[in-house]
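Here the protein sequences line up with chains A and B, keeping their order.
Counting in the numbering used here, the first sequence runs from 3 upward without gaps.
Counting in the numbering used here, the second sequence runs from 370 upward without gaps.
For each residue, glycine too, the CB sits at the ideal point set by N, CA and C.
The structure presented is a predicted model; accordingly, all values stated were derived computationally and were not measured.
For reference, the structure is listed below as C-alpha cells.
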Amino acid sequence: MSRRRFLLAAAAIGGGLAVGFRAAPAEAAATAAPAAAATNPFAAYLRIAPDNTVTVLSAHMDMGQGIYHGTATLVAEELGAAWEQMRAEGGWGNPKLYGNLAWGGTMQGTGGSSGTFSSFDRYRQAGAAARMMLVAAAAKAWSVPAAEIKVDKGVVSHASGRKASFGDLAAAAAAMPVPADVTLKASDAWTLIGNETLPRIDSREKSTGRQTFTIDVKLPGLLTAVMIHPPVFGAKVKSFDAAKAKAIKGVVDVVAIHRGVAVVADTMWSALKGREAVTVVWDETGAETRSTAEIMASYRELAAKPGATVAENRGDVDGAFAGAAKVIEARYEFPYLAHAALEPLNAVARRNADGTIEIWGGHQMPDLYQMIAAKVADTTPDKIVLHVMKTGGGFGRRAVFDADVVAEAVAVGRAIGWKAPVKVQWTREDDMRGGRYRPAYVHALKAGLDKDGRIVAWSNRIVGQSIMKGTAFEAMVTNGVDPTSVEGSAHLPYAMPNRRVELTTTDVGVPVLWWRAVGSTHTAYAVETFLDELAAAAGRDPVEFRLDMLQGSPRHAAVLKMAAEKAGWGAPLPAGRFRGVAVAESFGTVVAQVAELTVGKAGAIKVERVVCAVDCGTAVNPDMIRAQIEGGIGFGLGAILKSKLTLDKGRVVEGNFDGYEVLRIEDMPKVEVHILASNAKPTGVGEPGVPPIGPAVANAYAKATGKRIRALPFAQSLNT
Amino acid sequence: MQVLTINGQRRELDVDPDMPLLWAIRDVLELTGTKFGCGQALCGACTVMVDGMPARSCQTSVGDAAGKPIVTIEGVDGKVAQAVQAAWIKLDVPQCGYCQSGQIISAVGLLSQNRKPNDDEIDAAMSGNLCRCATYHRIRGAIHEAARMLEA
Numbered sequence: 003m004s005r006r007r008f009l010l011a012a013a014a015i016g017g018g019l020a021v022g023f024r025a026a027p028a029e030a031a032a033t034a035a036p037a038a039a040a041t042n043p044f045a046a047y048l049r050i051a052p053d054n055t056v057t058v059l060s061a062h063m064d065m066g067q068g069i070y071h072g073t074a075t076l077v078a079e080e081l082g083a084a085w086e087q088m089r090a091e092g093g094w095g096n097p098k099l100y101g102n103l104a105w106g107g108t109m110q111g112t113g114g115s116s117g118t119f120s121s122f123d124r125y126r127q128a129g130a131a132a133r134m135m136l137v138a139a140a141a142k143a144w145s146v147p148a149a150e151i152k153v154d155k156g157v158v159s160h161a162s163g164r165k166a167s168f169g170d171l172a173a174a175a176a177a178m179p180v181p182a183d184v185t186l187k188a189s190d191a192w193t194l195i196g197n198e199t200l201p202r203i204d205s206r207e208k209s210t211g212r213q214t215f216t217i218d219v220k221l222p223g224l225l226t227a228v229m230i231h232p233p234v235f236g237a238k239v240k241s242f243d244a245a246k247a248k249a250i251k252g253v254v255d256v257v258a259i260h261r262g263v264a265v266v267a268d269t270m271w272s273a274l275k276g277r278e279a280v281t282v283v284w285d286e287t288g289a290e291t292r293s294t295a296e297i298m299a300s301y302r303e304l305a306a307k308p309g310a311t312v313a314e315n316r317g318d319v320d321g322a323f324a325g326a327a328k329v330i331e332a333r334y335e336f337p338y339l340a341h342a343a344l345e346p347l348n349a350v351a352r353r354n355a356d357g358t359i360e361i362w363g364g365h366q367m368p369d370l371y372q373m374i375a376a377k378v379a380d381t382t383p384d385k386i387v388l389h390v391m392k393t394g395g396g397f398g399r400r401a402v403f404d405a406d407v408v409a410e411a412v413a414v415g416r417a418i419g420w421k422a423p424v425k426v427q428w429t430r431e432d433d434m435r436g437g438r439y440r441p442a443y444v445h446a447l448k449a450g451l452d453k454d455g456r457i458v459a460w461s462n463r464i465v466g467q468s469i470m471k472g473t474a475f476e477a478m479v480t481n482g483v484d485p486t487s488v489e490g491s492a493h494l495p496y497a498m499p500n501r502r503v504e505l506t507t508t509d510v511g512v513p514v515l516w517w518r519a520v521g522s523t524h525t526a527y528a529v530e531t532f533l534d535e536l537a538a539a540a541g542r543d544p545v546e547f548r549l550d551m552l553q554g555s556p557r558h559a560a561v562l563k564m565a566a567e568k569a570g571w572g573a574p575l576p577a578g579r580f581r582g583v584a585v586a587e588s589f590g591t592v593v594a595q596v597a598e599l600t601v602g603k604a605g606a607i608k609v610e611r612v613v614c615a616v617d618c619g620t621a622v623n624p625d626m627i628r629a630q631i632e633g634g635i636g637f638g639l640g641a642i643l644k645s646k647l648t649l650d651k652g653r654v655v656e657g658n659f660d661g662y663e664v665l666r667i668e669d670m671p672k673v674e675v676h677i678l679a680s681n682a683k684p685t686g687v688g689e690p691g692v693p694p695i696g697p698a699v700a701n702a703y704a705k706a707t708g709k710r711i712r713a714l715p716f717a718q719s720l721n722t
Numbered sequence: 370m371q372v373l374t375i376n377g378q379r380r381e382l383d384v385d386p387d388m389p390l391l392w393a394i395r396d397v398l399e400l401t402g403t404k405f406g407c408g409q410a411l412c413g414a415c416t417v418m419v420d421g422m423p424a425r426s427c428q429t430s431v432g433d434a435a436g437k438p439i440v441t442i443e444g445v446d447g448k449v450a451q452a453v454q455a456a457w458i459k460l461d462v463p464q465c466g467y468c469q470s471g472q473i474i475s476a477v478g479l480l481s482q483n484r485k486p487n488d489d490e491i492d493a494a495m496s497g498n499l500c501r502c503a504t505y506h507r508i509r510g511a512i513h514e515a516a517r518m519l520e521a
C-alpha cells in the first residue's frame with residue numbers, strides 16, 4: 003500500500019466480519035495528522051524503566067524488516083541515549099498516536115514499506131521531547147538552569163558534577179510539561195542515524211533462541227488448536243463427526259467456528275492426531291472449483307481483447323502504432339504465489355476474569371483486529387488487549403481484511419467457553435492452502451519503434467484479480483482500477499509520449515492479497531524484460547536505451563547509472579557469464595540491479611552476483627537497508643526461479659516446501675548493495691528490493707541464450 | 370514414560386514414543402528456541418543435535434531419540450557454538466530470526482566436521498535450512514567468520 007489514506011469507521015458492516023476501513027478524502031485525513039511533539043512521549047512512544055532501559059513503542063510491527071531497530075534509532079538519536087540501553091516493542095490501541103502517516107494517519111498498520119517514512123519525524127520528535135523533559139526534571143532537582151544541562155549517551159549531567167541516569171529521572175520527567183515545540187538535530191549532528199556500525203537491536207536474542215514469537219507464547223493451561231479449513235475456497239461446514247477424535251488422548255474438544263472446524267488439545271501433536279480422526283462434510287455451493295490451467299486460459303483470452311478499464315492513456319497510441327516502423331508484442335504469465343513465511347500463521351487468545359480478552363499475534367493492522375476480535379467475542383473493542391508479537395516473516399500475509407487467524411483464536415476460545423487460553427496454530431499445509439495469494443496475472447505488451455529505434459507507442463493490457471475489490475479497502479479502487487493491479491505499469495518513469503495501460507479485473511474465488519512488493523512483483527517483470535527486448539530490437543545497449551528515456555526521472559537515472567558503474571557494465575565478463583539489468587520504483591524507493599549469471603550444461607541457471615543501487619532518501623540504518631535489499635533479492639529470485647501455486651479443480655496442489663519451492667542457500671548470489679547519498683525524507687526498503695531481480699535475471703538469461711522467459715516461474719518455462 | 374537426555378539433563382516425559390521430538394521439546398519440555406516450520410524435514414527450522422549430528426526433530430520420534438544426547442539452541446555450548454553465535458551477531462545475520470536456531474545448529478554441525486568450509490561446502494551443508502528472509506548471503510559470511518575466529 004503506497005501513499006494511501008484510510009479512515010477507520012467504528013461500526014462493523016452488516017452481520018459479517020468486514021469492518022470499515024475506507025479511503026478518506028485528502029482534506030479529512032489532513033486534519034487528523036497527529037502532532038507527536040504535543041503528545042507526552044512517555045505516555046505514547048517510549049518508556050524508561052528504573053533499570054535505565056529505554057523501550058520504544060513502535061507504531062509498526064516487526065516481521066523481520068527491522069522497524070523496531072529503526073524506530074529505536076530515531077528515538078535514541080534525539081533522546082541522547084546510549085544504543086545499548088535501547089529496546090523496542092509494538093505499540094497499539096490508539097490510532098491518533100500510531101496511525102500510519104503514509105496512509106493519512108488515522109489507521110495503524112504496517113505495510114507498503116511505509117514504516118520509516120511514517121516514523122521519521124514522529125519518533126525523532128518523541129525522543130527530542132523526552133530529552134527536554136529529562137533535562138527539565140534534572141534542572142528542577144538540581145536547581146540549575148536547563149540550558150546548562152547536557153545529555154550524552156544516556157547520562158544527564160551538569161558542570162557542577164551532578165549526574166543522573168535516565169532511569170533516575172524518568173518518573174519526574176514524565177510529569178514535566180510537554181514541550182510545545184522541539185528542535186530536531188541537523189543531519190550533520192547525527193551519530194546514530196546513518197551509523198554504519200550500530201548493532202541490530204535483536205541480533206542477540208535471535209541468535210540464541212531467546213526471541214519469543216507467537217508460537218512460543220506460554221500461559222498456564224494453554225491449549226493448542228489446529229483448524230480444518232474448507233478444501234476449496236468458499237465451501238462451508240455442513241456437518242462434522244468428532245467422536246473418534248475426542249477419544250484420542252490429549253484431545254479436549256472439537257468445535258465448529260465461522261472459518262471451519264477446530265480440534266483443541268493439550269499439545270500440537272495431540273491436536274494433529276485428533277484432526278486426522280475428524281470427518282467433515284462440506285457444502286461446496288458457490289465455491290471456486292476451477293483449476294489454474296483453466297483460469298490462466300481465460301486470462302489469455304481476455305488479454306487478447308481491449309481491457310475493461312483504462313488505467314492510463316496518453317497521447318495517440320493507435321495513431322503511433324500505425325506509424326511505427328516496427329511493432330513488437332509479448333505476453334507474460336504470472337502464477338499465484340504463497341507468502342510461505344516460516345512461522346505458520348497463529349494467534350493466542352485468553353479471556354481474563356475481568357472480561358478482557360488478550361490476543362497475542364502478528365497484529366499487522368491492530369485497530370482492525372481489535373474491532374474484529376470484539377465482534378467475534380461479542381464484546382466491545384475496549385475489552386480487547388493486544389500483544390503485538392514479532393513474527394517469523396510475514397511478507398504481507400498478516401495484513402488481512404478479516405483478521406483470519408486472529409479471529410479463529412478468539413472464536414475457538416469462545417466456542418470452548420473460554421475454559422483455557424488457546425493457541426490456534428496452522429501447519430505448513432494449512433498456511434500454504436489457506437489462501438490470500440499474490441494474484442495470478444497475464445500481461446499483453448505491445449510497443450512500436452520508429453526507424454531510429456525509439457519507442458513511439460506502448461500498450462500494456464493486464465488481466466487478473468483485484469486485491470481490494472470486495473473488501474473494506476474497495477474505496478481505493480477508482481474507475482474500476484485497483485491501483486495494486488497496475489502500479490509499476492501505469493505512469494512509468496520513461497518518456498513515452500503515447501502509452502496506454504488497460505486492466506481487466508477478473509472474478510475468481512481464490513482469495514488474494516499483497517505479497518512483498520505487491521503489483522510491482524509482476525508489472526516490473528513484464529515492463530523491464532519487454533524494454534530489454536525492445537532495446538535488443540533497436541540494437542541499443544539496455545542501459546543507454548533506458549537512460550535516454552529517463553531524462554525527466556533523475557532518481558531512476560541515478561540509480562541505474564550507479565548500478566551499471568558498480569557492476570562494471572560494459573566491461574568484459576569471464577566466458578559463460580552474462581549480465582542483465584532492470585530498474586524499478588516501488589513505494590517511493592528506486593532500485594536498479596545488475597544480475598550476472600551462468601547457464602550450466604543441463605540448462606540450469608546460476609545467478610552468481612547481483613549489484614544493486616538504491617535511492618531510499620535518507621539512509622537511517624544503512625546496514626538494515628542492505629539486509630532488506632539482500633533479502634528482497636533472495637525472496638524475489640526464489641519466486642521467479644521456482645515458485646508457483648496451482649489449483650486442481652479448486653484444490654490447492656502444493657502443500658509444503660517440496661511442491662512449493664523457494665530459494666535455498668545454493669541459489670543465493672553474492673549481493674552488493676550501494677546506497678545513494680540523499681537528504682530527502684526516507685522511504686522504505688522492505689519491498690523495493692524485490693521487483694528488479696526477476697527482470698534483471700531474465701534479461702541476463704536472454705543475453706546468454708537468446709530465449710525470453712515469459713511464463714513464470716523459470717523452472718516451468720525451462721521444462722516445457 | 371520416555372526418558373530423554375536433553376542439554377545434559379535427564380528428563381522423563383509421559384508421552385507416546387511416536388511423538389515427534391519437536392513437539393516433546395516445544396510443548397512438553399517448553400524449550401521453544403527450536404521452531405516448527407514444515408513438519409516434513411523440508412525447512413530445517415526444527416534442527417537440533419542428536420548424538421552430535423544435526424537432525425530434524427520434526428521427523429525424529431521421541432522413541433528414536435531416547436538414550437541419545439540431544440542438544441537444542443538453549444544448550445549449545447563449546448568453542449564452535451560460541452564462534453558461530455558470535456559471528457551471527459557480528460554480521461547481524463537474523464532478520465525475522467525464526468529459522469536461525471536451526472541455521473545455527475546446522476552451522477555448528479558443519480564447523481565441527483570441517484573447520485574451514487568453502488562456499489560450496491557451506492551451501493551443501495546448509496541447503497536443508499530455509500530462510501524466507503533470504504539471509505543466506507550473511508549466513509555464508511558468518512560461517513566463514515566463525516571459521517576465522519576458530520582458527521585464531
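Can you tell me whether residue i is helix, strand or coil according to DSSP?
i, result
"Lys-246 of chain A", "helix"
"Pro-181 of chain A", "coil"
"Trp-571 of chain A", "coil"
"Asn-658 of chain A", "coil"
"Ala-28 of chain A", "Residue placement at Ala-28 of chain A is flagged as unreliable, the pLDDT there being 40, under the threshold of 50; the coordinate-derived value follows with that caveat. Of the three classes helix, strand and coil, the one that applies to Ala-28 of chain A here is helix, per DSSP."
"Pro-690 of chain A", "coil"
"Pro-201 of chain A", "coil"
"Gly-582 of chain A", "strand"
"Gly-2 of chain A", "Within the shown structure, residues of chain A are numbered from 3 to 722, placing residue 2 of chain A beyond reach of any answer."
Alpha carbon to alpha carbon, what distance is there between residue j and residue i?
i, j, result
"Lys-672 of chain A", "Val-612 of chain A", "6 Å"
"Ser-116 of chain A", "Arg-399 of chain A", "16 Å"
"Ala-511 of chain B", "Gln-454 of chain B", "9 Å"
"Ile-405 of chain A", "Gln-110 of chain A", "The amino acid at residue 405 of chain A is misidentified as Ile; the sequence shows Ala. About 14 Å."
"Ser-205 of chain A", "Glu-79 of chain A", "20 Å"
"Pro-346 of chain A", "Asp-433 of chain A", "6 Å"
"Glu-687 of chain A", "Val-253 of chain A", "With the sequence shown as reference, residue 687 of chain A is identified as Val, and Glu is not the correct amino acid for it. About 45 Å."
"Val-583 of chain A", "Ala-702 of chain A", "7 Å"
"Arg-24 of chain A", "Glu-410 of chain A", "Unreliable positioning characterises Arg-24 of chain A in this predicted model, as indicated by a pLDDT of 40, which lies under 50. The coordinate reading is nonetheless provided below. Cα to Cα, Arg-24 of chain A sits roughly 24 Å from Glu-410 of chain A."
"His-442 of chain A", "Tyr-125 of chain A", "Note on identity: in this sequence residue 442 of chain A is Ala, with His being the wrong assignment. Their Cα atoms are separated by approximately 38 Å."
"Ala-521 of chain B", "Ala-434 of chain B", "35 Å"
Is the separation between the beta-carbon of residue i and that of residue j shorter than 8 Å?
i, j, result
"Val-512 of chain A", "Gly-436 of chain A", "no"
"Asp-625 of chain A", "Glu-198 of chain A", "yes"
"Leu-391 of chain B", "Cys-415 of chain B", "yes"
"Leu-593 of chain A", "Ala-586 of chain A", "Per the sequence shown, residue 593 of chain A should be read as Val rather than Leu. Against a cut-off of 8 Å, the Cβ pair of Ala-586 of chain A and Val-593 of chain A comes out as a contact."
"Val-483 of chain A", "Ala-700 of chain A", "no"
"Leu-665 of chain A", "Ala-539 of chain A", "no"
"Thr-441 of chain B", "Gly-402 of chain B", "yes"
"Tyr-439 of chain A", "Ala-340 of chain A", "yes"
"Met-298 of chain A", "Glu-331 of chain A", "no"
Where DSSP assigns a beta bridge to residue i, which residues make up the other side?
i, result
"Thr-281 of chain A", "A:Asp-243"
"Cys-614 of chain A", "A:Gln-595, A:Val-675"
"Gly-482 of chain A", "Answer is none; Gly-482 of chain A lacks a bridge partner."
"Gln-378 of chain B", "B:Ile-375"
"Trp-460 of chain A", "A:Ala-449, A:Arg-501"
Beta carbon of residue i: closer than 7 Å to some heavy atom of the ligand MG?
i, result
"Ala-409 of chain A", "This structure lacks the ligand MG, and indeed carries no ligand of any kind."
Quiz item: What are the start and end residues of each continuous beta strand (DSSP E) run of 3 or more residues lying completely inside the stretch 324-393 of chain A, in chain order?
Solution: 328-336, 348-353, 359-363, 386-390
Self-check item: Complete runs of the beta strand (DSSP E) confined to the stretch 601-647 of chain A [at least 3 residues]
Solution: 607-617
Quiz prompt | Start-end ranges of the beta strand (DSSP E) lying completely within the stretch 91-171 of chain A, minimum 3 residues | solution = 151-154, 157-160, 165-167
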